[in-house]
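All letters in the sequence shown, in the order written, are residues -27 to -1, 1 to 134 by mature numbering (1 follows the signal peptide of the UniProt record, and there is no 0). Glycine included, every Cβ here is placed at the ideal spot set by N, Cα and C. Bear in mind that the values here come from a model prediction, so they are computed numbers and not experimental data.
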Amino acid sequence: MLSRTLTRPLAAIGTALLITATLAGCAAAVALEPAADATNPGCAEIVVRLPEALGEQKLRETNAQGTGAWGDPATILLRCGVEVPGPTTQQCVAVGGIDWIVDDSNKPIFRFVTYGRTPATEVIVDYDKASASALIDLEGAISVIPAENACVDVTDVLPAG
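Right, dumping it as structure tokens:
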């Protein structure tokens, strides 16, 4: 499968973000670090379309541009404007018309990054506390950024025969 590179440091940052957001569960706003390209106009387009709930997790206020959080304590985090990943051998899956690179190295906390869309969006989900439908519920917001590339399987690039 062709997808893009996710580095371990970014996965560690995602885990740290989840811990920070969880600890901030009592606060009015979830404390998140904005991504480097959070000021990209595409991020504003995504954020204004974020759903009020992902499964049973309700949308929370955040303190950073280009971000979203759901649950109390926050169990689903979104950051738009993360680095557009390069080629990778990590799993790339299509969910509801959106291609996502999957990093499951910190199970049950999964990190998903959009593939083939600029700006790229990261979603971190704690699957012990959140529904598996989170990515499906984000389709309406993420799809405002047009897909420039798509995940491919090795069978898509091998010659027939």
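Within the stretch 7 to 73, the complete alpha helix (DSSP H) runs of at least 4 residues fall at 14 to 20. DSSP, reduced to helix, strand and coil, places A107 within a helical segment of the structure shown. Between the C-alpha atoms of A105 and L23 there is a straight-line separation of about 17 Å. With fewer than 16 other Cβ atoms inside 10 Å of its own Cβ, A123 counts as exposed. For I118, the secondary structure class from DSSP, reduced to helix, strand or coil, is coil. Nearest in C-alpha terms to L51, of all of P14, Q38, V66, V68, is Q38.
For A4, there is no enclosing beta strand (DSSP E), as DSSP gives it neither H nor E.
Proximity to A47 across A26, G113, D77 peaks at A26, based on C-alpha coordinates. Looking at the DSSP output, A93 bridges to V55. Here D99 is buried, its C-beta having at least 16 other C-beta atoms within 10 Å.
A contact between stretches requires three or more CB pairs, one per stretch, nearer than 8 Å, and the stretch 28 to 38 fails this requirement with the stretch 64 to 76.
Counting only residues of its own chain and dropping the five nearest sequence neighbours on each side, V96 has a CB closer than 6 Å to the CB of L51, F85.
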